[in-house]
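In terms of our numbering, the sequence shown opens at residue 821 and continues consecutively.
Have a look at the structure below, then the notes.
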Amino acid sequence: MPRWREDEIIATASEHGRPAVFVCVNLQNFKPFNILLGHQRGDQFLERVQQRLTEIGRSWRTGGDEFVTLAGGKLTAVTEQVSAFTWLFHVTIGATEAWSFRFDDQRKAAIVPWRSFQVVCTPRCGFAELGSDVSGSLHLARRQCDDIRQTDPDALRPSFAPLATGPWTNEKKLATPICPACGDGQPIVIEDDLGWSRERCARCDASYERINVLSVFGEESEAGYM
Ligand SMILES: [Zn+2]
821 MPRWREDEII ATASEHGRPA VFVCVNLQNF KPFNILLGHQ RGDQFLERVQ
871 QRLTEIGRSW RTGGDEFVTL AGGKLTAVTE QVSAFTWLFH VTIGATEAWS
921 FRFDDQRKAA IVPWRSFQVV CTPRCGFAEL GSDVSGSLHL ARRQCDDIRQ
971 TDPDALRPSF APLATGPWTN EKKLATPICP ACGDGQPIVI EDDLGWSRER
1021 CARCDASYER INVLSVFGEE SEAGYM
């Protein structure tokens, strides 16, 4: 978090009445989620997160998908509110990747869906009661939030348990990369880059480009980053 922002939070908390609780929040899987959702909708999502946190207490956005809230009240009451918040912002989004082909001789082939998956975006929250060492309390809440990245999901209470593994879940393989011309054969990759390859079929000698397409909400985009 930027130094000036941290100073501002500490200054505000020093004047704040007790009991109060620091809540640090970040969004697990926000980056892939943002890619699938589109940056504009992603920004709106972050605005809604901040708006909801503001209803819980004084809130700051301290990074791309990181927030700090200073909530008045006892830990149990604040935890309950934050638990409701985590459910409201627990979002699953699904996507499908497909191959489209460009033949050198202008032949066409049908688009082939080859993988579907989901990304779950979920808030992770760290808590610390506001003590006389304001800076120490803030760091404790941040550390708790950061530790959730590495620890066993079952140990995450009272915050929401995130996914145990990487950003993808419910992955289904729908096709294997056979030749789009003869529907068989062994494609030989001649050249490739992110989400794109130039191939030749060892069986029928067709030569073509394979382009990876991402489909979310039925909107297609070239998915070079996957
Ligand atoms: Zn072939």
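Where a beta carbon is used, it is the ideal one built from N, C-alpha and C, also for glycine.
Keep in mind that this is a model prediction, so the values were computed, not measured.
Worksheet item: How is phenylalanine 937 classed by DSSP in three states: helix, strand or coil?
Response: Residue numbering aside, residue 937 sits at position 117 when the sequence shown is read from its first letter. Note: phenylalanine 937 maps to strand in three-state DSSP.
Worksheet item: Can you give the beta carbon distance from leucine 856 to valine 940, rounded, assuming they're within the 8 Å contact cut?
Response: Locating residue 856 in the sequence shown gives position 36, where the first residue counts as 1. Locating residue 940 in the sequence shown gives position 120, where the first residue counts as 1. 11 Å between Cβ atoms; not a contact.
Discussion item. Pop quiz: alanine 1026 and phenylalanine 923 are said to be a contact at Cβ under 8 Å. What is the actual Cβ separation, rounded to whole angstroms?
Written reply: Along the sequence shown, one-based indexing puts residue 1026 at 206. Along the sequence shown, one-based indexing puts residue 923 at 103. Yes, they are in contact, since the Cβ atoms of alanine 1026 and phenylalanine 923 sit about 7 Å apart, within 8 Å.
Practice prompt. For isoleucine 1031, I'd like the list of residues in its chain whose CB is within less than 8 Å of its CB, leaving aside the five on either flank, ordered along the chain.
Written response: Taking the sequence shown and counting its residues from 1, one reaches residue 1031 at position 211. For isoleucine 1031, where only same-chain residues beyond five positions count, the Cβ hits under 8 Å are Trp919, Ser920, Phe921, Arg922, Gly1015, Trp1016 and Glu1042.
Worksheet item: How long is the line joining the alpha carbons of proline 943 and glutamate 835, rounded to whole angstroms?
Response: Against the sequence shown, residue 943 aligns to sequence position 123. Against the sequence shown, residue 835 aligns to sequence position 15. In a straight line, the C-alpha of proline 943 is about 28 Å away from that of glutamate 835.
Discussion item. Please give me, in chain order, every unbroken run of the beta strand (DSSP E) with length at least 3 that falls completely inside the stretch 1015 to 1045.
Written reply: 1016 to 1021, 1027 to 1036 and 1039 to 1042
Discussion item. Which same chain residues end up closer than 7 Å to asparagine 990 when comparing Cβ atoms and leaving out the 5 residues on each side of it in sequence?
Written reply: Position 170 of the sequence shown holds residue 990. Once the five neighbours on either side are set aside, the close Cβ partners of asparagine 990 are Phe937 and Gln938.
Discussion item. Mapping the DSSP letters down to three states, classify lysine 851 as helix, strand or coil.
Written reply: One-based indexing of the sequence shown puts residue 851 at position 31. In this structure, lysine 851 counts as helix in the three-state DSSP scheme.
Worksheet item: Roughly how many angstroms lie between the CA atoms of arginine 838 and proline 987, to the nearest whole one?
Response: Reading the sequence shown from its first residue, position 18 is the one you call residue 838. Reading the sequence shown from its first residue, position 167 is the one you call residue 987. Arginine 838 and proline 987: Cα-Cα distance of roughly 38 Å.
Worksheet item: Considering alanine 961, what are the terminal residues of the alpha helix (DSSP H) in which it resides?
Response: Within the sequence shown, numbered from 1, the residue matching residue 961 stands at position 141. Segment 954 to 967, the alpha helix (DSSP H) holding alanine 961.
Fill in: Delimiting residues of the alpha helix (DSSP H) encompassing isoleucine 823
One-based indexing of the sequence shown puts residue 823 at position 3. It should be pointed out that residue 823 corresponds to arginine in this sequence rather than to isoleucine. It spans 823 to 835 - the alpha helix (DSSP H) in which arginine 823 sits, taken as one unbroken run.
Item to complete: Under 8 Å by Cβ, that's how I've got cysteine 1024 and alanine 1001 pegged, so tell me the actual separation to the nearest angstrom.
Response: By 1-based counting over the sequence shown, the position of residue 1024 is 204. By 1-based counting over the sequence shown, the position of residue 1001 is 181. So it is a contact: roughly 5 Å between Cβ atoms.
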